[in-house]
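The block underneath contains the structure these notes are about, expressed in structure tokens.
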Amino acid sequence: MSRRTSLLITAALVALLLAGALTQVWVLPAAVERVVAVFPEVKPLALPAIVWGILAIACWQAPAGIGVWLVLRARHHGFDTLSYDWLRVALGCLLAFIALVVSAVAALSGLGYATPGVMFGLIAGGLVALIAAGGLVLVLGDRPAVLRRPHHEPGARRLCSRTASAYRK
């Protein structure tokens, strides 16, 4: 990966992280406050909505942070078994987001607040996370067998995808 490409990817991911933090701290609470002002009957859902929103954003911030770390690390160390461990962590965050979406759909439907706009938004977000998680599963399942060795074996972390292809023969 060229230096320019890695800088652009890093800048984009850091911008996403900052936008997520801004949304968690200011935008989300203000939006919930405006909705409660217009529809006072949803006041009991205000705090759960803020907590859910912060958790949902964090489920996307963690993979973005992992992406920044992987891009910075890839320039010097390549893509090794430690990188795959971090991809599994990112996959776990996406699965946690999917669980949050399922729980929100169930809770809102059960409480009678399942408006079409909210449900479409939740389902769309869940589908995006499902597609991203599926892509990560394919990447994790397609890695060379040499990289699947336990970490305690000598040389397991030093291998990268470029050198692992030589061992497949």
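Under numbering that gives the first Met the number 0, the residues of the sequence shown are numbered 0 to 168, in order. Heads up, the beta-carbon is just placed ideally off N, CA and C, and yes, glycines get one too. Note that this is a predicted model, so its numbers are computed, not measured.
Give me the residue from the options with the minimum Cα distance to residue i.
| i | options | result |
| --- | --- | --- |
| Ala-61 | Phe-119, Ile-122, Leu-15 and Gly-124 | Leu-15 |
| Leu-12 | Ile-65, Ala-89 and Gly-52 | Ile-65 |
| Arg-87 | Gly-133, Arg-33 and Ala-29 | Gly-133 |
| Val-31 | Ala-20, Gly-52, Leu-21 and Ala-123 | Gly-52 |
| Val-169 | Tyr-112, Met-118 and Trp-85 | This structure does not reach residue 169, given that the chain is present from 0 up to 168, and the question cannot be answered. |
| Leu-139 | Ser-82, Thr-114 and Val-24 | Ser-82 |
| Leu-126 | Ser-1, Leu-94, Arg-2 and Ile-56 | Leu-94 |
| Ser-5 | Val-41, Ala-55 and Trp-68 | Trp-68 |
Where do the N-terminal and C-terminal ends of the alpha helix (DSSP H) with residue i fall, by residue?
| i | result |
| --- | --- |
| Gly-66 | 45 to 76 |
| Pro-28 | 27 to 37 |
| Val-127 | 115 to 140 |
| Gly-91 | 80 to 110 |
Could you check if residue i is buried or exposed, using at least 16 other CB atoms within 10 Å of its CB as the buried criterion?
| i | result |
| --- | --- |
| Arg-167 | Interpretation of Arg-167 is limited by its pLDDT of 47, a score under 50 that renders its predicted location unreliable; no figure is taken from the coordinates. |
| Cys-58 | buried |
| Phe-38 | exposed |
| Gly-19 | buried |
| Ala-89 | buried |
| Ala-63 | buried |
- [ ] Report yes or no: do three or more beta-carbon pairs, one from the region 36 to 47 and one from the region 66 to 80, lie closer than 8 Å?
- [x] no
Open item on the list: Below 8 Å, how does it come out for the region 75 to 84 and the region 100 to 115: are there three or more Cβ pairs, yes or no?
Closed with: At 8 Å Cβ cutoff, the stretches do not touch.
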